[in-house]
Each structure stands twice: as structure tokens, then as C-alpha cells.
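Visitor: Quick one: structure below, then a few questions.
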Amino acid sequence: MHDDTLSVRDLVKRFGSLVALDHVSFDVRPGELFGFVGANGAGKTTTMRIIMGVNAADAGEVRWGGATIGRDGRRRIGYMPEERGLYPKMALLPQLVFLARLHGMGPQEAYESSKRWIGRLGLSGREHSPIEALSHGNQQRAQLAGALVFSPELAILDEPFAGLDPIAVDTMKEVLREESRRGMTIIFSSHQLELVEDTCDRVGIIRSGRMVAVGSLEELSAHRLEELWVDAPAAPPSWADGLEGVKVLESEGTRLLLELAPGADDQAILLRALATGPVADFHRHRPTLSELFRSAVSAPNEEESDVR
Amino acid sequence: MFGSGFRLIAGRETTERLRSRAIWIGTVITALVVAAAIVIPHLVSGGPATPVKVGLVGVGAQKAAAQITALARASGQGLSATPEPSLAAARSDLRRGTITVALEVTPKGAIATIDSGGGRVLRAFSSSSLPASVQATLEEALFLSHATGVLTSAGLPPAIIRQALAPRPFTVTSIGRSSSRATSTGGAVAAVASAILLYVFLAIYGQAVVSGVAQEKTSRVAEILLGAVDPVDLLTGKVAGIGVVGALQLFLVVGVGLGASALTGTGMLPPTIWAALPSVLLWFILGYALYGFAYAAAGAMVTRQEDIQFAATPISIVMVLSYVLVYLMASNPTAPWAPVVALLPPFAPVLQPARVALGLSTPPEFIAAIVFTLAAAWGIARLAARMYAPALTSGGARLTWRFFLRGGRE
């Protein structure tokens, strides 16, 4: 394992009788953009808060840089909490400078970096506005700037896209991609699954305090049965019936989505379709994150998959 | 001892608060109130603005003038005397205002003439009477002058006369604990004024700590800060940063008060205030160290801004109690409970300066109170530091004082 891998190991957290985290484990590799998804109350925020030391785990540990994470490690992490946290009456620029300095930057470096991030996130001209005077979207940008202003090695962003308009989403997505390309490891949670799918290298899905899937989209879909889209416009509706190991999952007009049992022959399907006339479409179905998420969160507990 | 986190947190608190217009408006208003409290009574009563100048006419005017000036200097009075060539010249000077009282000395006694209108208005005293202290000095000087003359005529040598008329030291030795020190009305006023000043400033800046910490918690800034700063640095930086502003404001207000007093003459302030004021500043720092950490712990327990007052109430009750105790002590300075209660850390910050103003505090008592208060502040700071991070990051249910007393464990 690489030293700079963030390794979350068997985290357990109880709030009274509620088990918020039940042996949650996953790794995030250096430079990776990691999407953390789950329903409300699944345990995403609690996991992130434990990584940041905001909450203490009842059991388990978080390792980074080859050791259990401590205050020195956390000073190198940029954090954007779910419930935003900036001083409402403090102006943007001094606030960013203050945060950068708290994380170890010198005064000049902190000032220059703050100015740079203000420009990069489209907040120029608002340097001396108090945070509470900014619009919701701009407050969100300010919060992201606060998390990234000191060039952290790792960023933990809890719902960074919540409530943003499409243009702000694009800006923020682009910023995250760029920082990831430069080597920053980024973990973010979101309910916008298309966005996570579009942005992330790997995802972790959490359900009721337990990790149910971790991996790239390919890895997550690898254990699923193969699915094929076939469009045979001239074929009767029941043309795929009786094919061995093939199940019709859904139909859209003349298009059918077929699920293939292990060992089922896709060439036999193609031949059967061609026998009915022309075949307009024949391709493997790549499940979306939404589909993977739905199937993961709807699966019974004992069948939980954990791809790592 | 303190890391860079402490300095940054404290620096932010001080800078942001000093940037706020409210703090300056508050300081100006408080300073104006203090200055007005000193200047207005002075203007109303027409207190001594200029030294009293006495013009002397008659037998032995030269000697009596020297005698009066010496006596006045010895008793610290703004009084000077010069001989006048004639009564007419003295009256003329009186009208011009170059002298404030004309004293005609005759073999049978003296007649004081003061301006009763028509000339310059005398601000030194009312137009119909001399201040008692001035009159007493003049009478004493005339008596000494007269007695010297009589004794000289009787043929006594000057050395014997000086010896006979020299003041005899008068020493009071008391068998009671407190009555050996003056507990005048002026002392009581200074004691209550010190208590008001301390109570107001400790309350204002205690509230600033509670609401500052509560805001940091409810706005979730604390979550970000705790990732970068040790909770002890966060707590001590917060308390210290706000305390610096409080101390600056108190110094300013006290400075304005003393300045106003100096401009209008010191007569309006009781003399014990000069001993009490440095102790007010010292005890603000000590009291703030004690109460500031307790208020910070209270602020960390708050989960909604509306709960701030509720969380701070137990501390505020103790402070109000200290304030009430000062009144009780000022009305009965020899109460046996006072020296004991004034040593207890929750009450010492308000009671000790009051005891200094009353002339009751002894150095051992004063030092013991400082040591006890510092020890208590250290203990509360440690306790607050232990529960600060868990309290700051707790959500949901309101935390209780039990959580605080158990050092952050539910």
C-alpha cells in the first residue's frame, strides 16, 4: 500500500442506541477523486467528521501517510463541512488569509493564495464583503476556497455541489478536476450521482452505516450480470423469448435490454436478432452510477458487495 | 507555551473586534458617561477651578501672608496669600479678580471680604461664604500669627515660641481590625464605583466570549478550526483575544475618567480611587481569566443562539452576587465574613478592588486572593479545554453543566 493512501479502517460510531457507522472501511489513493455516496443519514458526514477529528470514533482508525492520522496530518487536509463554516461577519479576503495561515502558510503566501483563489472561483470584487453579504452560491465558492486556499494534499468536501446553479457546478467541477490532476486527493460526497459519475475516479457507496460498494464504475459493474441493448426494428416483440440464459429486463419501443446469465452466448442473440431482419443497435449496457447505487442500496444486507 | 494557532486565533479576535464600529461607539459612549459623571457634578457645584488667592491688609499682613501660604502648602490646598497696600487696593483687586478674597487683619480679629457681585464672578466658592477648609486654614494662620505676636511681646525667645506653637503629632491606635483604616464615605463611593466598573466590564466581555464561542459552534466554523488548531489554542486564543479588547477599552475608559478628573480638579473623586484604580485594572485581568474560561465553556454547550443566556446564567448569578456583596461590605466594612469571602475566587475579582478602595485589604490578603483566583482560573481553563472540543462539535441535544463538570464526558 502506498504511504499516502488514506485508509479508513473498521470505523464504528454509535450515537446512543443508533449505530451510525458499522465497521466502515475504504481506501482513497493519492491523487484520486473519490465520490462518497449514500442516502441521507447513511453515514457519509459522520465518516468525514471522524476523518477530520471533529467526531471521535468508538472503534477503528483512520491512517494517512502510514500512520494514524493526527492533528499534524489534519492540518494538511482541506475540509468543507456539510453545514458551512465561515465567520459570517468577517470579510472574504481576511478570512481566507486567516484560514491559510492557520494551516501553516506565511502571511505573504497566504495573501497571494487567497487572492488567487478568489479570482479562480469568480469572487473578484467581493474581497472585502462579509461572508453573510454574499449570495448562497458565492458563500459556497468561498467555502471551497477556504478548504483549498492552503494547497492541501487531501481535500474532504461534504456536499460541495449542494444548492449550486449549473454554471457554479461546472466551475467547481472543473476546479476539482484540475486540482486532482495536480495531485490533490479529493473525497467528496454528493447526492447528484450523474455528477459523481462524471467527475470521480472511484466511488464508495454507504448504506445505513455500512460500506456496500467501493471501486471504479467498471469495478462496481464487473460483478453484475452482463446486459445488452438490442434493436431489431422488424422483429416481433417476443423474438428474444426462449433464448438460453437470457432475460428481458425492459423494452423501449423495438429496443430490448437483455440480461445474460453467466455462460450465455451473445453471438447466439445477435444471430436470432438478425434472423428477424436488420439490427439497428447491438451494444453492451454500461450501468450508470444511479443504477449501481439503486441496486446497491436496495440489496439485502447479507448480499452486500464490497469491491476494493 | 502558546503555538502559532493561539496567536492567530487571538489576533483574529482582537483585530475583528477592533474593526467593528460597535466597539468604538460603545467605548466612546462609556467614556462620555464616565467623563460626564465627573464633569457634570463639578459644573453644577462650581467646584474649585482656580486656586484661592488671598489679599491681606492690615497689621502683620506680610507675616500672615507667609504663614497662610505655608500652611496651605502643608495641607495640600490650592491657597496662596499676598499682602495688599490698602483695603481700597484689595477691594479693587477683588473686583478685577486678581484675588478671590480680601482679608483685613485687625488687632481684634479679621474680616474676610469676598466678591458679592458687580466684580468678576467667583467660581472658587459660593458668593456668600468661604469653603470651610479655606476658612479653617485662614483662621489657623491668623491664630498662629496672633499667638506669635503675643508671645514675642511677652519676651519669649523665638525658638521657644516655635516649639510651643509647633503641631503635635496625633496618632490613632485601634484595638479593632478594621477601624485602624479610614473607611470614609469617599472610600465607599470608590468601592462601589470599582465594583460597578468591574462588574460591567466582566459581564460585557464574558457575554462577548459566550456569544463568540456559540457563534463559532453554531456556524460550524469550529469544525474547520479544530482540523487545524489544538482545542486548547482555540479556547485560550479566543478568551485572550477578546480579553485584550476588554482591557484596552477599560484602560481607555479609566484614562478618560482620570483625565476628566484632572481637568476639573481631583476634589470630585475620593482619594482612595487612586489606590483602587490600578487594582481594578489588575482584577479585571484576573477576573476575566477566571470568568472568561467559564463563559467559554458555557458558550461551547450552546446548540442554538437562543440558548446563550440560559447557558451563561449560573456564571452571571455568581457575578451579580459579588456585586451585591460589595454593597453589603461598603455599608458594614467590619463585617467578619468580608475578608473571608473576598478571598474566594468567584468573588475576589469584584470584592478585592472594593476592599482596596475601602482601605480594608492587607497585602497578605490581596496576594492570597490573587493566588487563589489564578489557581481557580487555571483549573477552570483545564476543565474547559477538556470539554471544549467535544462540546463544540456536538450537535442536537443541548449539553448540560453536568457535561462540563465531567470534563466533556456524557
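Residue numbers (the numbering used here), protein chains in the order written: chain E, 37 to 344; chain V, 166 to 575.
The C-beta atom is built at its ideal place from N, Cα and C for all residues, glycine as well.
Since E/G281 and E/A297 are thought to touch, with beta carbons under 8 Å apart, how far apart are those beta carbons, to the nearest angstrom?
Guide: 4 Å
Visitor: Using a Cβ-Cβ cut-off of 8 Å, state whether E/V48 counts as contacting chain V.
Guide: no
Visitor: Does any CB atom of chain V fall closer than 8 Å to the CB of E/F197?
Guide: no
Visitor: Suppose the cutoff is 6 Å on Cβ atoms and the five residues either side in sequence are ignored; what does the same chain contact list for E/D58 look like?
Guide: Result list for E/D58: G245 and R246, in chain order.
Visitor: Cβ atoms of V/A556 and V/M466: under 8 Å apart, would you say?
Guide: yes
Visitor: Closest to E/E119 by CA distance: which of E/E195, E/V48 and E/G52 is it?
Guide: With distances taken between Cα atoms, E/E119 lies closest to E/E195.
Visitor: For E/G240, which residues does DSSP report across the bridge?
Guide: E/F72 and E/V250
Visitor: Counting contacts by CB-CB distance shorter than 8 Å, is V/S384 in contact with chain E?
Guide: Yes, V/S384 counts as interfacial toward chain E.
Visitor: Go to V/Y553, then tell me how far its alpha helix (DSSP H) extends in each direction, as first and last residue.
Guide: P528 to L557
Visitor: If we ignore side chains and look at the alpha-carbon of each, how far apart do V/A507 and V/T247 end up?
Guide: 52 Å
Visitor: Please state the DSSP three-state secondary structure of E/H164.
Guide: coil
Visitor: Name the residue from V/A254, V/P514 and V/S185 whose alpha carbon lies nearest to the alpha carbon of V/F366.
Guide: Ranking V/A254, V/P514 and V/S185 by Cα distance to V/F366 puts V/P514 first.
Visitor: Below 8 Å, can you find three or more Cβ-Cβ pairs linking the stretch 319 to 336 of chain E to the stretch 171 to 181 of chain V?
Guide: No, they do not touch.
Visitor: Report the residues of the stretch 97 to 108 of chain E with a CB closer than 8 Å to any CB of chain V, ordered along the chain.
Guide: For the stretch 97 to 108 of chain E, residues whose beta-carbon sits nearer than 8 Å to a beta-carbon of chain V comprise R107.
Visitor: How close, in whole Å, do the beta carbons of V/A477 and V/Y460 come, if the pair is a contact with beta carbons under 8 Å?
Guide: 6 Å
Visitor: Contact defined as beta carbons within less than 8 Å: I believe E/L223 pairs with E/V64. What is the distance between those atoms, to the nearest angstrom?
Guide: Correcting the residue type first, residue 223 of chain E is Ile in the shown sequence and not Leu. With 8 Å as the limit, E/I223 and E/V64 qualify as a contact, their Cβ atoms being about 6 Å apart.
Visitor: Note down, in chain order, every chain E residue with its Cβ under 9 Å from the Cβ of V/R469.
Guide: Those within 9 Å of V/R469 in chain E number zero; the least Cβ separation is about 13 Å.
Visitor: How is the beta strand (DSSP E) around E/I113 delimited, first residue to last?
Guide: I113 to M116
Visitor: Taking a cut of 9 Å between CB atoms, which residues from the stretch 391 to 414 of chain V lie near chain E?
Guide: L391, G392, A393, V394 and D395
Visitor: How big is the Cα-Cα spacing for V/P443 and V/A519?
Guide: 12 Å
Visitor: If you pair each beta-carbon of the stretch 99 to 107 of chain E with each one of the stretch 39 to 51 of chain E, do three or more pairs fall below 8 Å?
Guide: yes
Visitor: Quick check on the burial criterion: 16 or more other C-beta atoms within 10 angstroms. Buried or exposed for E/F62?
Guide: buried
Visitor: For E/P323, tell me which candidate among E/G71, E/S252, E/D301 and E/P273 has the shortest Cα-Cα distance.
Guide: Taking each of E/G71, E/S252, E/D301 and E/P273 in turn and checking the Cα distance to E/P323, the smallest one comes out for E/S252.
Visitor: For my contact list, E/M141 and E/R110 are in at a C-beta cut-off of 8 Å; report their separation, rounded to the angstrom.
Guide: At roughly 16 Å, the Cβ-Cβ gap does not stay under 8 Å, so E/M141 and E/R110 are not in contact.
Visitor: I'd like the list of long-range same chain contacts for E/M84, defined as Cβ closer than 6 Å, with 5 residues on each side in sequence excluded.
Guide: Scanning its chain for C-beta atoms nearer than 6 Å, with the 5 sequence neighbours on each side dropped, one finds around E/M84 the residues I192 and D194, in chain order.
Visitor: Under the assumption that E/G94 contacts E/V60 (Cβ atoms under 8 Å), give the Cβ distance between them as a whole number of angstroms.
Guide: Correcting the residue identity first, residue 94 of chain E is Asp in this sequence and not Gly. Between E/V60 and E/D94 the Cβ distance is about 12 Å, and since that is not below 8 Å, they are no contact.
Visitor: Could you tell me which uninterrupted alpha helix (DSSP H) segments, each at least 4 residues in length, are contained entirely in the stretch 248 to 335 of chain E, listed from first to last along the chain?
Guide: Segments of the alpha helix (DSSP H) lying fully in the stretch 248 to 335 of chain E: 253 to 258, 302 to 310 and 325 to 334.
Visitor: Going by beta-carbon coordinates alone, are V/L415 and V/I535 separated by less than 8 Å?
Guide: no
Visitor: In terms of residue numbering, what span does the alpha helix (DSSP H) encompassing E/H172 cover?
Guide: H172 to L184
Visitor: For E/L122, go through chain V and note every residue whose CB falls closer than 9 Å to its CB, in chain order.
Guide: S384, R385, V386 and I389
Visitor: In whole angstroms, give me the CA-to-CA distance for V/K489 and V/V299.
Guide: Strictly speaking, residue 489 of chain V in this sequence is Val, with Lys absent from that position. Cα-Cα distance, rounded: 38 Å.
Visitor: Given that a residue counts as buried once 16 or more other Cβ atoms are within 10 Å of its Cβ, and exposed if not, what is E/L285?
Guide: exposed
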